[in-house]
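**Student:** In full-length UniProt numbering, the protein residues as written are 1 to 214. Glycine is no exception: its CB is placed at the ideal position from the N, C-alpha and C atoms. Note that the coordinates shown come from a computational prediction; the quantities given were computed from them, not determined experimentally. Can you keep this structure in mind? I'll have questions shortly.
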């Protein structure tokens, strides 16, 4: 049975606080998120360099979970769930990609609750005008998801639960992606963000160490 009409994840720890949106302070990880905000232009510049590459085999790749109803959504993986590790990764880190984005990957490495989150990912995400991402739920309530706005377009929105918000350049917003969420982009230019998953703050060190990848 699902936890609620909006929260339909299946790999859960039942006692964890559940709310669609979180403030930086509520996560207890504010220092890390402020570091991302402080350095957002350097992070953006690394992402833009990848976005502008002409060799599409080493650039942003199509979103692979068939969540796009219409439009174009591409991603560039930096850290992946352990179950998704490839020959180009070292554990969770996608080494071939992190060599091209060393500053961003170093910031993540310095925060173990992101770098070690085997149920989460770190990646750049770009969506083009006219894109609609179907309502969907993440697989687990054991993580929180942060979005850092890098290039923000007008009329691009994120709904989590029953509340819709806008991205801001240089600002982090945090939500629990086990809740139903949906993206609409009705603007005229692309939207670019950094996605960083972190362990839910109420997990114990033992749970973080022993929870299995998904």
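#1: Could you check if residue 15 is buried or exposed, using at least 16 other CB atoms within 10 Å of its CB as the buried criterion?
#2: I believe residue 174 touches residue 208 by the beta-carbon criterion, under 8 Å. Please report the beta-carbon distance rounded to the nearest angstrom.
#3: Measuring CB to CB, does residue 124 end up less than 8 Å from residue 49?
#4: What does the Cβ neighbour count give for residue 34, buried or exposed, with the cut at 16 atoms within 10 Å?
#5: Could you tell me whether the region 51-61 touches the region 106-115, using the rule of 3 or more Cβ pairs below 8 Å?
#6: Any idea which residues DSSP pairs residue 158 with across the strands?
#7: Work out the CA separation of residue 5 and residue 19 for me, nearest whole Å.
#8: Do you know how far the Cα of residue 53 is from the Cα of residue 195?
#9: Hey, would you say residue 156 sits closer than 8 Å to residue 181, going by beta carbons?
#10: With 16 as the cutoff for other CB atoms within 10 Å, does residue 29 come out buried or exposed?
#11: Can you tell me whether residue 23 is buried or exposed, with buried defined as 16 or more other CB within 10 angstroms of its CB?
#12: Should residue 9 go down as buried or exposed, given a rule of 16 or more other Cβ atoms within 10 Å for buried?
#13: Less than 6 Å between C-beta atoms, sequence neighbours within five positions excluded: which residues of the same chain meet that for residue 154?
#14: Out of 110, 96, 102, 75, which one is the CA nearest neighbour of residue 198?
#15: Between residue 150 and residue 163, is the Cβ-Cβ spacing less than 8 Å?
#16: Which runs of the beta strand (DSSP E) at least 3 residues long sit entirely within the region 34-112? Give them in chain order.
#17: What runs of the alpha helix (DSSP H), each 4 residues or longer, lie entirely inside the region 105-150?
#18: If you measure between the beta carbons of residue 179 and residue 121, is that distance less than 8 Å?
**Tutor:** In terms of the structure at hand:
#1: By the neighbour-count rule (16 or more Cβ atoms within 10 Å), residue 15 is not buried but exposed.
#2: The beta-carbon separation of residue 174 and residue 208, rounded to 18 Å, does not stay under the 8 Å limit for a contact.
#3: The criterion of a C-beta distance shorter than 8 Å is not satisfied by residue 124 and residue 49.
#4: Exposed, by the Cβ-count rule.
#5: Contact between the region 51-61 and the region 106-115 is absent, because fewer than three Cβ pairs lie under 8 Å.
#6: Under DSSP, the beta-bridge partners assigned to residue 158 are 165, 183.
#7: Cα to Cα, residue 19 sits roughly 13 Å from residue 5.
#8: Cα to Cα, the separation comes out at about 20 Å.
#9: 8 Å or more divides the Cβ of residue 156 from the Cβ of residue 181.
#10: Residue 29 comes out buried.
#11: The residue in question, residue 23, is exposed, as its Cβ has fewer than 16 Cβ neighbours within 10 Å.
#12: Buried: at least 16 other Cβ atoms inside 10 Å.
#13: Cβ within range, chain order: 187.
#14: Among 110, 96, 102, 75, the Cα nearest to that of residue 198 belongs to 110.
#15: No, these two residues do not count as a Cβ contact at 8 Å.
#16: Those beta strand (DSSP E) runs which fall completely within the region 34-112 and span 3+ residues are 68-70, 73-79.
#17: As far as the region 105-150 is concerned, its whole alpha helix (DSSP H) runs of at least 4 residues are 112-115.
#18: Taking C-beta atoms as the reference points, residue 179 and residue 121 fail to come closer than 8 Å.
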